[in-house]
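Just so we're aligned: the first sequence equals residues 1 to 253 in UniProt numbering. Note that the Cβ used here is the ideal one computed from N, Cα and C, for glycine as well. Below you'll find the structure, written out as structure tokens, and then a few comments.
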Amino acid sequence: MSHFGRTGPPDISDTYSLLVLNITFRTTADDLFPLFDKYGNVVDIFIPRDRRTGESRGFAFVRYKYADEAQKAVDRLDGRVVDGREMAVQFAKYGPNAERIHQGRIIEKVSGVKGSSRSRSPRRYRDDYHRDREYRRSRSRSVDRYERDRYRRRERDSSYRSRSRSISPDYDRDRCRGRDKKHQRRSPSYDSASPARRSPSPHKIESPRRSLSPKKGTPDRHIPNERSPSPRSRSPPVRAMDSRSPSPRADEE
DNA sequence: GTTGAGCGTT
């Protein structure tokens, strides 16, 4: 049976922890178990997951019983392609409680010691937890995308100025127009998210509460439909387009 | 459905 990660840490004082990075987001402990078990006795495998989405973060922890097995696993599984991705296997530098570990083995206990290598205390779980997650996620998913987009736009602008007009702008515009004239949308995110709530301040990265309640972001789409069980006696034939115009006009086009 | 630097939980 492989119930790694389901329960708490069994025992890490007598095991060697390996950090597996660069694994796919769909790789589970059950997938890593046969790979690591071939090179030694795997005591436990744990894959940190996001508490919001519940998906893997892209790395896992594999605990071996002996150091030689762990070393062998590192030497053999480091760079191994799993699920189409190269995973990096190395010894863990920090323990679950920020204790310093050498070669996957804990050399310094955290019992009674406050402010370890990373100054992490088990008492501040919630705030630092979410903050840490948000912080580390921003640089991997959002920031990177933003920077990439900005860089791309800048590059395009640079090309636009340098080459005056050669291929880029006209081609892009033509392609967009030739593709679909009526379905022209500036951004695919604004269309579904909130067109009236888009903030003109790009310096603000993002609001954390946006992920907390995504349903409340667009309540006017489903609420009025379900909250009005009898629209015939309450509201007149509502037209989607003229819902905001108080003056009904006969001319349509 | 997506993403890619890093160090962990019943």
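- The residues 55, 56, 57, in chain order, have a CB closer than 7 Å to that of residue 49 in the same chain once the five nearest residues on each side in sequence are set aside.
- Setting aside the 5 residues that flank it on each side, residue 67 is surrounded in the same chain by 16, 103, 104, 105, each with a C-beta closer than 8 Å to its C-beta; the list follows chain order.
- Cβ-Cβ separation between residue 62 and residue 32: approximately 6 Å, consistent with a contact (criterion under 8 Å).
- Of the residues assessed, residue 95 falls on the buried side of the cut-off, its CB having 16 or more other CB atoms within 10 angstroms.
- When the beta-carbon positions are compared, residue 23 and residue 70 stay at least 8 Å from each other.
- Under the three-state reduction of DSSP, residue 51 is assigned to coil, being neither helix nor strand.
- Going by beta carbons, residue 19 and residue 92 fall inside the 8 Å limit.
- Here residue 27 is near residue 83, since their CB atoms are less than 8 Å apart.
- Straight through space, the alpha carbons of residue 73 and residue 42 are spaced by roughly 10 Å.
- The three-state reading of DSSP puts residue 73 in helix, counting H, G and I together.
- The beta carbon of residue 86 sits closer than 8 Å to those of 22, 79, 80, all from its chain and outside the five residues before and after it, given in chain order.
- Beyond the five residues adjoining it in sequence on each side, residue 76 comes within less than 6 Å, by CB distance, of 39 in the same chain, given in chain order.
- Residue 29 and residue 64 have their C-alpha atoms some 14 Å from each other.
- Scanning 25, 37, 4 for the CA closest to the CA of residue 46 turns up 4.
- For residue 92, no beta strand (DSSP E) run applies, since DSSP gives it neither H nor E.
- Under the three-state reduction of DSSP output, residue 31 falls in the helix class.
- Per DSSP, residue 44 is one residue of the beta strand (DSSP E) stretching across 42–46.
- Rounded to whole angstroms, residue 89 and residue 100 show a C-alpha spacing of 18 Å.
- The straight-line gap separating the alpha-carbon atoms of residue 25 and residue 37 is approximately 21 Å.
- The alpha-carbon separation between residue 52 and residue 44 amounts to approximately 24 Å.
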